[in-house]
Structure formats: C-alpha cells, structure tokens
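Counted from 1, the sequence shown has number 107 at position 107 by UniProt numbering; the numbering is strictly sequential. Using N, Cα and C, we set each Cβ at its ideal position, and we do this for glycine too.
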Amino acid sequence: MTTVPAVLQDAVACQSGRRCRIVLPTRFDIHETPRFEAAARQAASRGGVVEIDAGAVRHMDQSAIDALIATRLRCLDLGGDLVLAASSVAARVILELTGRYAALNPIDPVVTVDELPMSEVAA
C-alpha cells in the first residue's frame, strides 16, 4: 500500500492503484471540504474504488454531504466507484436524515435488532 500526501489527518492511502481509502476528520464541514475534494480528485483519478471512512465523524454539514455526493459521481464518471466503508452513528444519522446514506453506497456492517434471527433476539 502506498500513501499519498496527507490531507485529512494523514488519512489517504491507496493500494495497488485501484483502491484508495480516505479517513474523514471528526468535524467534516465547509472548512474541511477543500482538502477532502483535493484528496478525492487524486484518488478518483485512478479509476478504482474510493473508500470513505467516516467512523470518527461527529459533525457534518451540507457542504460536506454535497462533496461526498459529487465525489461519488466523479468516481462513476471515471469508471470507478465510491463506497462508504465505515460510518459513525452520528454520520449515519446525519446522512439518513438528509436522504443521502444510500446514495453513498454504504458497505458498513451495521446490524439492527430487526435484522437478527429470532434465536439471537431471544438470547
């Protein structure tokens, strides 16, 4: 795995040129979006999968959400994709309330009580 220049908490890493991971900061807002967009442009230009790790996010504003959606569209245009590989509860709630969670192609394994088999719920 090679690491590209740090832009968000030393958190952009690319593997074999086809998969890049961007770790978002705790406060992801209008002040962080220019650095995110620069890192995302670099990662998306490889044409692979850009993984977004929002596991530490506690605050996200509309400009940050818009940047994530724009990055997914850019990735798709360049023959790649963007996936939300991890999200904090706060990030997930914000994205769900704004109707953007599913648009970010989430792959984080969040299991609710409703999704558990009855044998595990009763235990």
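As a quick exercise: from the options, pick the residue whose alpha carbon is nearest that of residue i.
i, options, result
"Leu-57", "Ala-39, Ala-70, Ala-40 and Val-89", "Before going further, note that residue 57 is Val rather than Leu in the sequence given. Comparing Cα-Cα distances from Val-57 to each of Ala-39, Ala-70, Ala-40 and Val-89, the minimum goes to Val-89."
"Glu-37", "Arg-18, Gly-79 and Leu-73", "Leu-73"
"Glu-32", "Arg-92, Ala-70, Gln-42 and Ala-64", "Ala-64"
"Gly-99", "Cys-75, Ala-13, Ile-52 and Gln-62", "Gln-62"
Using the Cα positions of residue i and residue j, report the straight-line distance between them to the nearest angstrom.
i, j, result
"Leu-95", "Gly-48", "24 Å"
"Ala-39", "Pro-106", "20 Å"
"Met-60", "Ala-86", "15 Å"
"Leu-68", "Val-50", "11 Å"
"Val-23", "Ala-54", "6 Å"
"Pro-25", "Leu-78", "26 Å"
"Leu-76", "Ile-30", "23 Å"
"Phe-28", "Ala-44", "19 Å"
"Arg-41", "Val-93", "26 Å"
Distance cutoff 9 Å, beta carbons only. Does residue i sit that close to anything in chain B?
i, result
"Val-57", "Structure shown: chain B not included; a single protein chain is present."
For residue i, list the residues DSSP reports as bridge partners.
i, result
"Pro-106", "Leu-84"
"Arg-28", "The residue asked about is misnamed: residue 28 is Phe in this sequence, not Arg. Phe-28 is bridged to Met-60."
"Glu-51", "Arg-21 and Val-83"
Classify residue i: buried if its beta carbon has 16 or more other beta carbons within 10 angstroms, exposed otherwise.
i, result
"Arg-18", "exposed"
"Glu-84", "Going by the sequence as given, residue 84 is Leu instead of Glu. Classification for Leu-84: buried."
"Arg-21", "buried"
"Gly-80", "buried"
"Leu-97", "exposed"
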